[in-house]
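Participant: This is the structure, below, for whatever I ask next.
2 protein chains.
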Amino acid sequence: MSHIAVGHATGRSRVLIEDVTPQVDQGRFAPKRVVGDTVNVQSRIFADGHDVVTGRLLFRHHTESTWRTSDLHSLTNDKWQASFVVDRLGCHFFTVEAWIDRFATWQRDFQKRVKAGQDVAIDLLVGAQIIREHLPQVPELARSALELFASSLEGGVERSSQIEAALSPVLAEQMHQYTDRRHVTRFEQELPVEVDRPLARFSTWYEFFPRSSSSVPGQHGTLADCERKLPYVADMGFDVLYFPPIHPIGRSYRKGRNNAVEAQPGDVGSPWAIGATEGGHKAIHPDLGTIEDFRRLMTKAKSFGIDLALDIAFQCAPDHPYVACHPDWFRRRPDGSIQYAENPPKKYQDIYPFDFESDDWQNLWEELKSVLLFWGGEGVRVFRVDNPHTKSLTFWEWAIAEVKSVYPETIFLAEAFTRPAVMHRLAKLGFTQSYTYFTWRNTKQELTEYFTELARPPVSDFMRPNLWPNTPDILNEFLQFGGRAAFMMRYVLAATLGASCGIYGPAFELCVATPREPGSEEYLDSEKYQIHTWDWQSPGSLRHFIARVNAIRRENAALQDNVTLRFHPVDNDQLIGFSKWTADGTDGVVVVVNLDPHHTQSGFIELPLVEFGIDSTHSFQAHDLLGAGRYLWTGPRNFVELNPQVSPAHIFRMRKQVRTESQFEYFL
Amino acid sequence: MSHIAVGHATGRSRVLIEDVTPQVDQGRFAPKRVVGDTVNVQSRIFADGHDVVTGRLLFRHHTESTWRTSDLHSLTNDKWQASFVVDRLGCHFFTVEAWIDRFATWQRDFQKRVKAGQDVAIDLLVGAQIIREHLPQVPELARSALELFASSLEGGVERSSQIEAALSPVLAEQMHQYTDRRHVTRFEQELPVEVDRPLARFSTWYEFFPRSSSSVPGQHGTLADCERKLPYVADMGFDVLYFPPIHPIGRSYRKGRNNAVEAQPGDVGSPWAIGATEGGHKAIHPDLGTIEDFRRLMTKAKSFGIDLALDIAFQCAPDHPYVACHPDWFRRRPDGSIQYAENPPKKYQDIYPFDFESDDWQNLWEELKSVLLFWGGEGVRVFRVDNPHTKSLTFWEWAIAEVKSVYPETIFLAEAFTRPAVMHRLAKLGFTQSYTYFTWRNTKQELTEYFTELARPPVSDFMRPNLWPNTPDILNEFLQFGGRAAFMMRYVLAATLGASCGIYGPAFELCVATPREPGSEEYLDSEKYQIHTWDWQSPGSLRHFIARVNAIRRENAALQDNVTLRFHPVDNDQLIGFSKWTADGTDGVVVVVNLDPHHTQSGFIELPLVEFGIDSTHSFQAHDLLGAGRYLWTGPRNFVELNPQVSPAHIFRMRKQVRTESQFEYFL
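Heads up: the protein sequence lines correspond to chains V and C, in order. Under numbering that gives the first Met the number 0, the first residue of the first sequence is numbered 0, with each subsequent residue one higher. Under numbering that gives the first Met the number 0, the first residue of the second sequence is numbered 0, with each subsequent residue one higher.
Dropping the structure here:
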């Protein structure tokens with residue numbers, strides 16, 4: 000009568016399990032965590048009737064074949080909870096199971112009968128019977144103790160001793176340990192959790208063009224020059240250094256300065272037009288140096304605690320070796336030419352996109368994977384992927400999994416500025432971090448709505464935002480017109496709203512603000528098409544300010560995650576206020592930013608002190624880590640004023656424990 | 000290289016489909032609809048890049064092997080939509096599929112190139128090539144027309160004619176009709192929709208004890224007496240008549256009047272203590288009559304448009320034949336006796352619950368199913384199931400599916416007053432309707448919160464609430480103290496908040512309000528334990544009022560569903576206001592109820608006239624269908640006043656089209 004099964008091993012498994020979290024799209028994708036995290040698992044578990052239900056969490060690393068377990072605890076309304084610590088990189092699986100606990104049910108009811116003064120003679124026998132039926136499943140060592148309990152319940156001693164035995168916690172503990180799981184219900188799915196290294200969640204990125212690293216004006220920078228910039232990057236507190244593509248650059252249809260259709264002699268072309276006679280995605284531009292130079296740079300960066308991130312732009316210049324060797328990987332036009340990239344009527348004749356519908360798609364996928372593995376073999380563990388949304392999304396899911404199966408610590412940042420559904424899918428299918436719309440979110444309402452969405456499930460479970468105030472492609476209007484204060488404010492926002500953030504420098508710290516033309520977001524004389532010689536040590540540079548903000552990020556664990564982000568009312572729309580706390584609620588940071596780069600703004604911020612665990616009847620200290628001021632506040636409403644020409648933001652550390660005059664020092 | 004598949008038929012299917020609705024727990028359960036409904040399907044569909052995506056909805060009745068289809072239309076943000084009408088009882092399935100539309104992409108881009116004045120010589124050839132590659136898939140009849148288009152694009156005519164041909168809607172239409180689905184992506188699930196008859200959604204229930212149907216005081220009523228009550232029930236406008244169990248009642252441990260532990264001679268016992276020497280769940284209590292009487296009653300009820308609903312209480316009195324024949328179906332105590340029902344320390348010795356963990360569970364399930372099929376064979380198509388949450392939930396899922404496979408028009412009402420998770424699960428697993436917490440929701444805030452939850456997805460997709468102001472088990476305190484106005488008000492609320500509602504009568508319409516003891520919700524001299532002789536024609540009866548409310552329900556389609564329910568602000572917490580509209584938005588009802596049964600209450604109700612489609616600058620008529628008053632209102636805020644001693648509620652029909660003096664009649 001197998002048709003009775005209805006998806007269950009047996010009709011006698013009366014417990015039902017649903018709504019197991021965390022999950023992304025019902026287990027189709029994996030929520031993201033980092034090594035050391037505690038994964039809080041919840042589930043709705045119930046059965047017909049009133050019997051006691053018992054359950055446990057099962058969890059394992061994907062390489063383990065046996066489950067580790069942990070007891071589930073009951074919350075309210077049939078919700079149950081347990082947690083496990085993810086102590087290794089890579090995918091973990093978990094599920095839950097539960098069953099009717101017949102002995103616990105009996106013991107609960109027995110207690111009620113005793114309390115009501117009922118005759119429990121037969122009930123004692125029922126208890127003994129449950130124990131005895133159980134014995135065959137109990138290890139020999141524990142059996143005699145349980146037998147003794149059963150005998151006591153069956154008689155031969157005073158009734159009061161019987162009752163005492165029946166309600167003994169030792170008996171309860173033993174029966175729980177060897178509980179009867181014959182009719183267990185296990186949740187039908189093993190849910191995945193993807194575990195990355197901590198840098199996946201908390202990272203601070205710096206991007207520069209390696210060819211602009213020379214101190215000799217007009218000279219093509221080299222990887223050796225880049226090595227010499229490492230102290231500069233490290234001093235500012237960045238831990239990821241990201242380079243635009245370092246490969247040979249195509250010559251045919253090469254773009255000139257400011258994206259001119261025709262290059263002039265000496266024009267270096269766009270690094271994203273990858274491939275020339277010197278090689279393609281696995282080669283290094285000869286003017287930058289050799290693979291040995293690259294290896295030396297990698298080693299040096301590591302010594303500074305810096306991960307070198309490469310740019311993965313899966314597209315080809317017309318003279319990329321692939322074009323000749325694998326013409327099948329590109330779409331051909333009726334005149335025999337290869338289809339270049341377009342956004343009609345715009346044409347990008349220096350770029351050939353791959354045809355992911357090619358008949359030879361499997362070899363194409365394998366080759367692209369081999370590019371990632373090649374650089375993985377060179378020790379690269381961070382990739383910034385250029386426009387992943389214009390390549391097959393299914394390819395990425397496969398390729399990222401393949402690379403992480405070899406190098407599980409690899410981090411992939413998706414540079415996709417596109418519709419929410421596509422950005423979400425890229426994050427779900429495996430990208431470790433994602434560029435966001437932050438670059439275009441400037442007002443209090445925009446920031447509040449967008450970051451509330453990003454900091455809460457479902458989005459926070461699968462997408463790790465990486466906030467960039469600028470990129471080589473985007474000089475936002477706000478930066479064009481806001482002056483130095485705008486750069487400071489946008490960096491504070493990026494660095495405190497986002498556990499991961501990044502800037503494109505030195506353009507950023509030097510406050511470069513001139514667009515190619517009015518209304519454009521493109522930089523004038525963009526480094527995308529020419530070499531720059533920067534005044535890295537300019538006295539007007541924001542590098543010390545950025546170093547201070549990054550030091551605050553490192554010293555305050557509250558800023559290293561996003562899930563506790565909460566906005567707080569300020570009675571001035573030009574002032575935005577928010578807080579972040581560590582998971583244990585001990586370390587908190589309150590940030591107030593003046594969104595107006597031109598005027599001093601002031602107002603009252605209202606903080607939920609009770610939820611912060613701060614006594615609202617006593618004064619407490621708000622210590623501004625950025626301006627170094629210390630403010631004595633009382634109650635939930637307090638005054639803030641920010642002059643953007645001095646500092647457009649406060650980053651307050653909140654102290655929970657108020658000290659009193661009986662202590663030696665005030666608020667130190 | 001099959002490991003590349005990543006859950007897709009081919010890596011070349013670039014379209015991704017997610018978030019297909021309606022669904023309940025990702026297709027594990029079926030959303031509920033009734034015959035004739037339009038099912039609105041939405042999905043998120045997208046691909047990498049910028050190609051045009053095309054998709055369609057596929058749907059079929061579960062007995063059909065081929066899909067019917069309908070084109071998907073694009074909404075915003077990658078959302079797509081299509082709908083289908085469910086024209087038959089039983090489960091329907093639907094899914095969606097989508098693919099890159101290469102020709103539509105080409106045509107869109109071609110148009111942009113033409114607009115930009117570009118040379119399109121090669122682009123015309125690309126278009127022709129796409130058409131020609133396509134021809135083998137096109138039926139011969141349509142092929143020549145397409146060939147002609149291809150030739151035009153290839154040349155031999157003026158460029159302007161070529162362009163005209165390329166952009167021809169006929170060509171677009173043909174290429175759409177025979178679109179290239181080689182790399183189609185189909186959503187991985189076929190989602191179910193359960194389709195019931197309209198009574199499943201819109202039903203008005205009346206419950207009475209058949210043994211109380213005699214007009215001779217103290218005499219046991221019969222099914223023949225019940226027949227004579229049918230006009231009474233029909234006149235009030237009820238379409239379901241529900242009887243507590245009609246089976247033989249156990250004699251051992253029979254309960255006396257007012258639930259006395261020992262019955263006195265002549266006490267009739269509780270109908271829920273099912274089974275005696277005369278038979279069990281398939282037998283009729285001899286004092287009620289014979290199976291022939293039952294059949295006659297069924298026929299007569301049908302002639303009144305009334306469905307007879309039987310009570311399914313799967314439990315046994317100690318003298319039920321099952322106890323002797325199938326002792327394995329019950330739990331045995333160590334003293335050899337059978338375990339009676341308990342809620343320790345309370346004992347219900349007149350009831351033996353089935354043991355759903357019995358070794359013989361499969362035969363138990365089959366026998367219980369046979370009870371349902373037995374009454375199904377007698378024409379019963381509505382079952383009210385007693386305490387389904389104390390029996391295996393998996394059993395119900397199986398049993399309901401089994402019964403509906405034979406009698407698909409069957410309706411099951413779950414009488415489960417328990418935790419939300421369990422009530423929701425019963426609805427999801429197959430119960431057609433559900434009792435609700437309405438009985439205990441009396442204040443404006445309670446009603447607003449609860450019914451907003453019930454009227455919105457996810458709950459509205461799987462749970463059909465059936466609202467009862469009273470039951471034989473529940474005489475709510477509000478009715479005990481609110482007098483006649485409380486009964487009127489609670490019926491209006493049940494009948495307008497719920498597309499399905501019911502009362503236990505004649506206790507309800509006779510305003511019986513005395514509990515067994517203060518603080519109890521049990522009726523004094525409850526019919527559960529004794530026969531009543533009612534004064535059905537009492538002049539104080541609310542039967543005419545109820546008939547009026549039920550007539551309004553029948554005449555106003557807006558009241559026959561819950562999904563458009565919306566609450567509206569009234570500046571008096573004792574007045575609650577809400578509206579319902581038909582799906583097409585033409586027929587609307589606004590209800591205002593005075594929740595205070597003791598005092599006249601007045602206030603201003605605020606209606607969203609723009610959303611109602613009512614011109615807020617002209618006056619409009621609010622026609623009270625209950626009190627028959629006609630109010631001329633202007634603008635969104637209007638005054639209401641209700642004296643509970645006259646009528647505690649308005650049920651306004653809203654007229655959208657304002658008539659003017661140029662018409663013959665005002666607001667008729």
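No residue lacks a Cβ here, since even glycine has one placed at the ideal position from N, Cα and C.
1) Please return the same chain residues whose Cβ sits closer than 7 Å to the Cβ of Met0 of chain C, not counting the five positions on each side in sequence.
2) What's the gap between the Cα of Lys228 of chain V and the Cα of Arg250 of chain V?
3) Note down, in chain order, each residue of its chain lying with its Cβ closer than 6 Å to the Cβ of Trp533 of chain V, except the 5 sequence neighbours on either side.
4) Can you pull the chain V neighbours of Pro419 of chain C, defined as C-beta to C-beta under 9 Å?
5) What number of angstroms, rounded off, separates the C-alpha of Thr751 of chain V from the C-alpha of Pro168 of chain V?
6) What did DSSP end up calling Gly376 of chain C once you bin it into helix, strand or coil?
7) Could you tell me the distance, in whole angstroms, from the CA atom of Thr417 of chain C to the CA atom of Phe329 of chain C?
8) Answer yes or no: do Leu240 of chain C and Ala300 of chain C have a C-beta to C-beta separation smaller than 8 Å?
9) Specify whether the segment 42-49 of chain C and the segment 68-87 of chain C touch according to this definition: at least 3 beta carbon pairs, one from each stretch, less than 8 Å apart.
10) To the nearest angstrom, how far is it from the Cα of Lys368 of chain V to the Cα of His61 of chain V?
11) For Met422 of chain C, which residues in the same chain have their Cβ closer than 7 Å to its Cβ, ignoring the five residues on either side in sequence?
12) In chain order, what residues of the segment 120-139 of chain C put their CB closer than 7 Å to some CB of chain V?
13) With DSSP collapsed to three states, give me the class of Gly501 of chain V.
14) Check for me: the alpha helix (DSSP H) holding Gln110 of chain V runs from which residue to which?
15) Tell me, please, which residues DSSP counts as bridged to Cys315 of chain V.
16) CB Glu189 of chain V to CB Phe92 of chain V, shorter than 8 Å?
17) Given that a residue counts as buried once 16 or more other Cβ atoms are within 10 Å of its Cβ, and exposed if not, what is Lys345 of chain V?
18) Among V:Leu631, V:Thr393, V:Ser391 and V:Gly429, which residue has its Cα nearest to the Cα of Glu408 of chain V?
19) May I ask which residues mark the beginning and end of the beta strand (DSSP E) holding Ala199 of chain V?
20) Between Trp364 of chain C and chain V, is any beta-carbon pair separated by less than 8 Å?
21) Look at Val384 of chain V and Phe353 of chain V and say whether their C-beta atoms are less than 8 Å apart.
22) Once DSSP output is grouped into helix, strand and coil, what is the label at Val137 of chain V?
23) Short of 7 Å Cβ to Cβ, which residues in the segment 395-429 of chain V face chain C?
24) Whose C-alpha, out of C:Pro244, C:Glu356, C:Leu363 and C:Val639, is nearest the C-alpha of Ile311 of chain C?
25) Among C:Arg142, C:Ser143 and C:Glu163, which residue has its Cα nearest to the Cα of Leu152 of chain C?
26) Tell me the DSSP secondary structure of Lys299 of chain C in three-state form.
27) Going along chain V, which residues have a C-beta under 7 Å from Arg332 of chain C?
28) Starting from Phe355 of chain V, find everything on chain C with Cβ-Cβ shorter than 8 Å and list it in chain order.
29) Could you tell me if Leu631 of chain V is buried or exposed, where buried requires 16 or more neighbouring beta carbons within 10 angstroms of its beta carbon?
30) What are the residues in the segment 359-393 of chain C lying within 7 Å of chain V by C-beta distance?
31) In whole angstroms, give me the CA-to-CA distance for Glu508 of chain C and His617 of chain C.
32) So is Asn342 of chain C in contact with chain V if we call contact Cβ pairs under 8 Å?
33) Quick one: is Arg32 of chain V near chain C, going by C-beta distance under 8 Å?
34) Using DSSP bridges, identify the partner residues of Gln80 of chain V.
35) Does the Cβ of His280 of chain C have 16 or more other Cβ atoms within 10 Å, making it buried, or fewer, making it exposed?
36) Considering only residues of the same chain and omitting the five flanking positions on each side of Val591 of chain C, which have a CB-CB separation below 8 Å?
Facilitator: So, to answer that:
1) If you number the second sequence from 1, residue 0 of chain C lands on position 1. Legend: pLDDT at Met0 of chain C = 35, less than 50; position of this residue unreliable, no value from coordinates given.
2) As a working mapping, residue 228 of chain V is identified with position 229 in the first sequence. As a working mapping, residue 250 of chain V is identified with position 251 in the first sequence. Straight-line measurement puts the Cα of Arg250 of chain V at about 29 Å from the Cα of Lys228 of chain V.
3) The count along the first sequence starts at 1 and reaches residue 533 of chain V at position 534. Within the same chain, and ignoring the five residues on either side of Trp533 of chain V in sequence, the residues whose Cβ sits closer than 6 Å to its Cβ are Pro505.
4) As a position in the second sequence, residue 419 of chain C is number 420, starting the count at 1. Within 9 Å Cβ-Cβ: Asn76 and Asp77.
5) With chain V represented from 0 up to 667, any question about residue 751 of chain V goes unanswered, as that position is not in the structure.
6) Sequence index remark: in the second sequence, residue 376 of chain C carries index 377 (1-based). Here Gly376 of chain C sits in helix by DSSP.
7) Here residue 417 of chain C refers to the residue found at position 418 when the second sequence is read from its first residue. Here residue 329 of chain C refers to the residue found at position 330 when the second sequence is read from its first residue. In a straight line, the C-alpha of Thr417 of chain C is about 24 Å away from that of Phe329 of chain C.
8) The residue you call residue 240 of chain C lines up with position 241 of the second sequence. The residue you call residue 300 of chain C lines up with position 301 of the second sequence. Result yes, Cβ atoms of Leu240 of chain C and Ala300 of chain C sit closer than 8 Å.
9) Counting Cβ pairs under 8 Å, three or more are found: they touch.
10) Position 369 of the first sequence, counted from the start, is the residue given in the question as residue 368 of chain V. Position 62 of the first sequence, counted from the start, is the residue given in the question as residue 61 of chain V. Roughly 22 Å between the two C-alpha positions.
11) For the purposes of this step, residue 422 of chain C is taken as residue 423 along the second sequence, with counting starting at 1. The answer, listed in chain order, is Ala415 and Ser433.
12) Ile121, Leu124, Val125 and Gln128
13) By 1-based counting over the first sequence, the position of residue 501 of chain V is 502. Gly501 of chain V: strand per DSSP, three-state reduction.
14) As a first step, residue 110 of chain V must be located in the first sequence, where it is residue number 111. Arg101 to Lys114 is the span of the alpha helix (DSSP H), which, as asked, contains Gln110 of chain V.
15) Taking the first sequence and counting its residues from 1, the one referred to as residue 315 of chain V is at position 316. Paired residues: V:Tyr351.
16) Position 190 of the first sequence, counted from the first residue, corresponds to residue 189 of chain V. Position 93 of the first sequence, counted from the first residue, corresponds to residue 92 of chain V. In contact: Glu189 of chain V and Phe92 of chain V (Cβ atoms closer than 8 Å).
17) Here residue 345 of chain V refers to the residue found at position 346 of the first sequence. Burial call: exposed.
18) Reading the first sequence from its first residue, position 409 is the one you call residue 408 of chain V. For Glu408 of chain V, the nearest C-alpha among the options comes from V:Gly429.
19) In the first sequence, counting from the first residue as 1, residue 199 of chain V sits at position 200. No beta strand (DSSP E) contains Ala199 of chain V, which DSSP labels as neither H nor E.
20) As a working note, residue 364 of chain C is residue 365 in the second sequence. It does: the Cβ of Trp364 of chain C has a partner Cβ on chain V nearer than 8 Å.
21) The sequence position of residue 384 of chain V within the first sequence is 385, counting from 1. The sequence position of residue 353 of chain V within the first sequence is 354, counting from 1. Taking the C-beta atoms as reference points, Phe353 of chain V is found no nearer than 8 Å to Val384 of chain V.
22) Locating residue 137 of chain V in the first sequence gives position 138, where the first residue counts as 1. Correct three-state label for Val137 of chain V: coil.
23) So the list reads Glu396, Trp397, Arg418, Pro419, Ala420, Val421 and Arg424, given in the order they occur along the chain.
24) Here residue 311 of chain C refers to the residue found at position 312 when the second sequence is read from its first residue. Closest by alpha carbon: C:Pro244.
25) For this step, residue 152 of chain C is matched to residue 153 along the second sequence. Taking only the C-alpha atoms, the option nearest Leu152 of chain C is C:Glu163.
26) Walking along the second sequence from the start, residue 299 of chain C turns up at place 300. Three-state DSSP puts Lys299 of chain C in a helix.
27) In the second sequence, the residue the question calls residue 332 of chain C occupies position 333. Per Cβ cutoff of 7 Å: Ile121 and Val125.
28) Locating residue 355 of chain V in the first sequence gives position 356, counting from the first residue. In chain order: Gly10, Arg11, Arg13 and Asp47.
29) Within the first sequence, numbered from 1, the residue matching residue 631 of chain V stands at position 632. Counting Cβ neighbours within 10 Å, Leu631 of chain V comes out exposed, since fewer than 16 surround it.
30) Trp360, Gln361, Trp364, His388, Thr389, Lys390, Ser391, Leu392 and Thr393
31) For this step, residue 508 of chain C is matched to residue 509 along the second sequence. For this step, residue 617 of chain C is matched to residue 618 along the second sequence. Glu508 of chain C and His617 of chain C: Cα-Cα distance of roughly 41 Å.
32) Within the second sequence, residue 342 of chain C is the residue found at index 343, counting from 1. Yes, its Cβ sits closer than 8 Å to a Cβ of chain V.
33) Translated into positions along the first sequence, residue 32 of chain V becomes position 33. No, Arg32 of chain V lies away from the interface with chain C (no Cβ there is under 8 Å from its Cβ).
34) Counted from its first residue, the first sequence places residue 80 of chain V at position 81. Answer is V:Gln41 and V:His72, bridged to Gln80 of chain V.
35) For this step, residue 280 of chain C is matched to residue 281 along the second sequence. Buried: at least 16 other Cβ atoms inside 10 Å.
36) Reading the second sequence from its first residue, position 592 is the one you call residue 591 of chain C. Closer than 8 Å at the Cβ level, and outside the excluded window around Val591 of chain C, lie Val569, Leu574, Ile575, Gly576, Ile604, Val639, Leu641, Ala648, His649 and Phe651.
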